[in-house]
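J.:
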Ligand SMILES: Cc1cc2nc3c(=O)[nH]c(=O)nc-3n(C[C@H](O)[C@H](O)[C@H](O)COP(=O)(O)OP(=O)(O)OC[C@H]3O[C@@H](n4cnc5c(N)ncnc54)[C@H](O)[C@@H]3O)c2cc1C
């Protein structure tokens, strides 16, 4: 194991950080958060900077690095509080499509690496039924099911969905749904942090057969792994946000004076800052651990990621709350950036299972 | 000591409940349950309804138009009002301005201002904090300079809750720079529409507008704007906070939040099993319930001691600070637990509640409406009214003295 970044990894991290700090100031971020439109500079740079294809193999036009490198980019997106989710637009489709042998699946992945399309996954909530596909003519499928949640929907040109084929739950197909055909099916909803999440509901949507891009036997397993990879990337994003909260709070304790001294002189606040740092590094450690399981069995990986989501979530709610608390009233204002990190970390905590949900399911994995 | 559950209030509780069921307009109650901030017209309309019944100034003595109720009765009243979804009555007018005026003010101030507060005709804002004087309030720099019979006010105040509604302001300002701040600050009643006052809104993270800043430029305060004696403003402000300390646990608010939590816990969201039947949540709800029961007893103890003490110190605990810490943290905890129950629906942004059913509402359960906004806004509870760090300093200092 090696925790230190090599030169290439440093270069990836630094270039993303540099770009975001130079081209994505707070007011730009806020503006796009408000409007719901994707920020063109970010969308362009996802491709131009070869970020989106960081974990896609070079034969398909990607960088050929791995999910560790992707997590570095995700973390910088968190630090920069980028509205567009890197984990959803890059990591999730890469994990789902990589290694699929069908040319249609390969060309979809290549299209992502080369910036011809942006794909997002339709995520299924636990108790909800999935999607069913029926062949209704030699040229057409009909798809029903949902709602699925689509992160990154405001950027995506396609939504990747797996469906049970012809009412046979053992046979699945992977469909790439063009967003332009989903005007009634895909609704965008605003989240607390200004990002948009799509709700995809299919009621007999008719699709051309070439939308079916894979019928690989392991699609369900792959989908589960892709979900875990995405969630791991989201954890890395939250780490970046926490880093930023800690850094802004540290600065504030040095400049804000009350009672004639910088408030950082008060030992209770020093200890709080120390606890925030402890929480952050614990969260980083568990995220690192989940990276060790990327190539293990999907079940093991899933548990490792659930642990990560739990602990990152727990740390995130502490760090976010204390970041606001130590700023006093200004920390609550819309004008000041700390409250935006609070909101984005809240959205993270709410998504893909809250701490209590995860605690319960992790509890169930412990053998008697 | 005598620990028998006090049932003498049950009849009163029933009376209040009965009154609320007929007097509180249904749409107002609906907004009360779903909205995150009060609407001025709702609050004032509600004050008028209460005033007719003689209950609008529930915390004031009878001689000033109040109910004369003891603390326990006031608590029951407030609990029932919040549970029914009634809008919160204006705190600054009723709990700060009123008591300061009838305790320290002149007969003219009493006559002029109290009836208007009681009738829901004037809204008051509190201008104490400044950009550089928050926790360290004594370091304020706004000044009121005596000029003949009147004062000239200059300065910058911030975080004035509902300042945009205010007709009148209570303002603390320095009248004597040569003495210790605690003896150089005075307490003023200022007409919010006086020339020289500019107000700017501050939006907070739930995207609501409750906070404001005020700039005072050569604002003339007539002599009758001074409350009590010059230089005593600090002690009046302290009196206010002391006076309010039994309320700082916000028992009525916490109870209402717990009810809302239980309601959400019983829902089936997205086809999942209701949270109430999941041990992970049952335990958390049981924990909060036990602590809320304890906090209620702590509050009753503080009220009991306060009413029997006649200004003397009866026991060695900093009741106000302790209640404030526990009550504020509990509001945040209940909010966080409600968010957990909502799961990914809790991440959605719900626009202001308008009661128009339709497509513009996000797909989560109707009960989710306003929960996230409330959760975000309540990060403030551990900051306003003296932050919890300051409250802990007070408790520790009382124990340690000057070590
Ligand atoms: C929602 C809301 C409504 C409000 N409404 C009003 C109103 O209507 N009128 C009004 O006048 N004011 C109002 N306030 C202001 C409120 O009283 C102040 O926010 C509060 O006093 C804290 O001051 P500050 O925000 O400047 O924080 P600061 O004093 O700058 O504190 C920053 C951080 O330092 C900590 N800190 C400061 N001193 C110490 C110390 N000695 N030891 C340890 N930690 C310390 C604080 O706890 C906090 O975490 C409101 C505030 C909020 C959030």
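Protein chains in written order, with the working numbering: chain V, 35 to 402; chain Y, 980 to 1382.
Note that the Cβ used here is the ideal one computed from N, Cα and C, for glycine as well.
Can residue 363/V be considered in contact with ligand 1, in the sense that its beta carbon sits closer than 7 angstroms to one or more heavy atoms?
T.: Because some heavy atom of ligand 1 lies under 7 angstroms away, the Cβ of residue 363/V counts as near it: yes.
J.: Please classify residue 137/V: is it buried, with 16 or more other beta-carbons within 10 angstroms of its beta-carbon, or exposed?
T.: Residue 137/V should be labelled exposed.
J.: At least one CB of chain V closer than 8 angstroms to the CB of residue 1113/Y: is that the case?
T.: Output row for residue 1113/Y: interface = yes.
J.: Looking at residue 386/V: is its Cβ nearer than 8 angstroms to the Cβ of residue 234/V?
T.: Their beta carbons are not under 8 angstroms apart, which means residue 386/V does not touch residue 234/V by this criterion.
J.: Using only CA atoms, which one of 40/V, 291/V, 324/V, 62/V lies nearest to residue 267/V?
T.: The residue with the shortest Cα to Cα distance from residue 267/V is 324/V.
J.: For residue 1265/Y and residue 344/V, I'd like the C-alpha separation in whole angstroms.
T.: Spanning the two alpha carbons is a distance of roughly 22 angstroms.
J.: Kindly say whether residue 1260/Y, judged by its beta-carbon, lies nearer than 8 angstroms to any beta-carbon of chain V.
T.: Chain V, which has a Cβ nearer than 8 angstroms to the Cβ of residue 1260/Y, makes this yes.
J.: From residue 1134/Y to residue 375/V, what does the alpha carbon distance come to, in whole angstroms?
T.: Distance between the alpha carbons of residue 1134/Y and residue 375/V is about 32 angstroms.
J.: Along the alpha helix (DSSP H) that carries residue 374/V, what are the first and last residues, could you check?
T.: Looking at the DSSP string, the run of the alpha helix (DSSP H) that includes residue 374/V is 372-384.
J.: Taking 8 angstroms as the threshold (beta carbon to beta carbon), is residue 1351/Y in contact with chain V?
T.: Closer than 8 angstroms to some Cβ of chain V, the Cβ of residue 1351/Y qualifies, so yes.
J.: Could you work out which residues of chain V lie near residue 1243/Y, taking near to mean beta carbons separated by less than 9 angstroms?
T.: Near residue 1243/Y there are no residues of chain V at all, since even the closest Cβ is about 13 angstroms away, more than 9 angstroms.
J.: Can you find the residues in the same chain that come closer than 6 angstroms, C-beta to C-beta, to residue 221/V, ignoring five residues on each side of it along the sequence?
T.: Same-chain partners within the cutoff: 233.
J.: Tell me the DSSP secondary structure of residue 1081/Y in three-state form.
T.: Residue 1081/Y falls in the helix class under three-state DSSP.
J.: Would residue 80/V and residue 143/V be called neighbours here (beta carbons separated by less than 8 angstroms)?
T.: No, the pair does not count as a contact, with Cβ atoms beyond the cut-off.
J.: Enumerated in chain order, which unbroken segments of the beta strand (DSSP E) with a length of 3 residues or greater are wholly contained in the stretch 1113-1172 of chain Y?
T.: Those beta strand (DSSP E) runs which fall completely within the stretch 1113-1172 of chain Y and span 3+ residues are 1122-1126, 1129-1137, 1147-1153, 1164-1170.
J.: In this structure, how does DSSP classify residue 45/V when only helix, strand and coil are distinguished?
T.: Residue state, collapsed to three classes: helix.
J.: Measure the Cβ-Cβ separation of residue 1356/Y and residue 1185/Y and say whether it is below 8 angstroms.
T.: Yes.
J.: Under DSSP, the beta strand (DSSP E) around residue 222/V begins and ends at which residues?
T.: 220-224 is the span of the beta strand (DSSP E), which, as asked, contains residue 222/V.
J.: Quick one: Cα of residue 68/V to Cα of residue 1200/Y, how far?
T.: Distance between the alpha carbons of residue 68/V and residue 1200/Y is about 42 angstroms.
J.: Do we get a CB-CB distance below 8 angstroms when we pair residue 156/V with the residues of chain Y?
T.: So, not an interface residue.
J.: Please name the residue in 986/Y, 1020/Y, 1097/Y, 1041/Y whose C-alpha comes closest to that of residue 1029/Y.
T.: Residue 1029/Y has its Cα closest to that of 1097/Y, out of 986/Y, 1020/Y, 1097/Y, 1041/Y.
J.: Taking the alpha carbon of residue 1285/Y as the point to measure from, which residue in 1084/Y, 1298/Y, 1276/Y has its own alpha carbon closest?
T.: If we check each option's Cα against that of residue 1285/Y, 1298/Y comes out closest.
J.: Below 8 angstroms between beta carbons is the criterion; list the residues of the stretch 364-379 of chain V that meet it against any residue of chain Y, in chain order.
T.: Listed in sequence order: 365, 366, 367, 368, 369, 373, 374, 376, 377.
J.: Counting only Cβ pairs nearer than 8 angstroms, list the residues of chain Y close to residue 183/V.
T.: Correct list: 1323.
J.: Answer with buried or exposed for residue 1121/Y, where buried requires no fewer than 16 other C-beta atoms within 10 angstroms of its C-beta.
T.: Buried is the call here.
J.: Identify, in the order they occur along the chain, each residue of the same chain with its Cβ nearer than 6 angstroms to the Cβ of residue 1150/Y, setting aside the five sequence neighbours on each side.
T.: Same-chain partners within the cutoff: 1106, 1167, 1169.
J.: Check whether the stretch 1261-1279 of chain Y touches the stretch 1224-1237 of chain Y, counting contact only when three or more Cβ pairs, one atom from each stretch, lie closer than 8 angstroms.
T.: Yes, the stretch 1261-1279 of chain Y is in contact with the stretch 1224-1237 of chain Y.
J.: In three-state terms, what does DSSP make of residue 1103/Y?
T.: Residue 1103/Y: strand per DSSP, three-state reduction.
J.: Residues of chain Y with CB closer than 7 angstroms to the CB of residue 293/V, please, in chain order.
T.: Within 7 angstroms Cβ-Cβ: 1115.
J.: When the cut-off is 8 angstroms and only beta carbons count, does residue 402/V lie next to chain Y?
T.: Taking Cβ atoms only, chain Y never reaches closer than 8 angstroms to residue 402/V, which makes this a no.
J.: Between residue 1368/Y and ligand 1, is there a pair consisting of the residue's CB and a ligand heavy atom that are separated by less than 7 angstroms?
T.: Yes - ligand 1 has a heavy atom lying nearer than 7 angstroms to the Cβ of residue 1368/Y.
J.: Whole angstroms are fine: how far does the CA of residue 310/V sit from the CA of residue 132/V?
T.: In a straight line, the C-alpha of residue 132/V is about 37 angstroms away from that of residue 310/V.
J.: Measuring only the C-alpha atoms, how far is residue 1340/Y from residue 1211/Y?
T.: C-alpha separation (whole angstroms): 52 angstroms.
J.: Could you spell out the range, first to last residue, of the beta strand (DSSP E) harbouring residue 320/V?
T.: Counting along the chain, residue 320/V falls outside any beta strand (DSSP E), though it belongs to the alpha helix (DSSP H) covering 301-326.
J.: In this structure, what does DSSP give as the bridge partners for residue 168/V?
T.: According to DSSP, which records beta bridges pairwise, residue 168/V is partnered with 176/V.
J.: Say yes only if the C-beta of residue 290/V is nearer than 7 angstroms to one or more non-hydrogen atoms of ligand 1, and no if none qualify.
T.: Yes.
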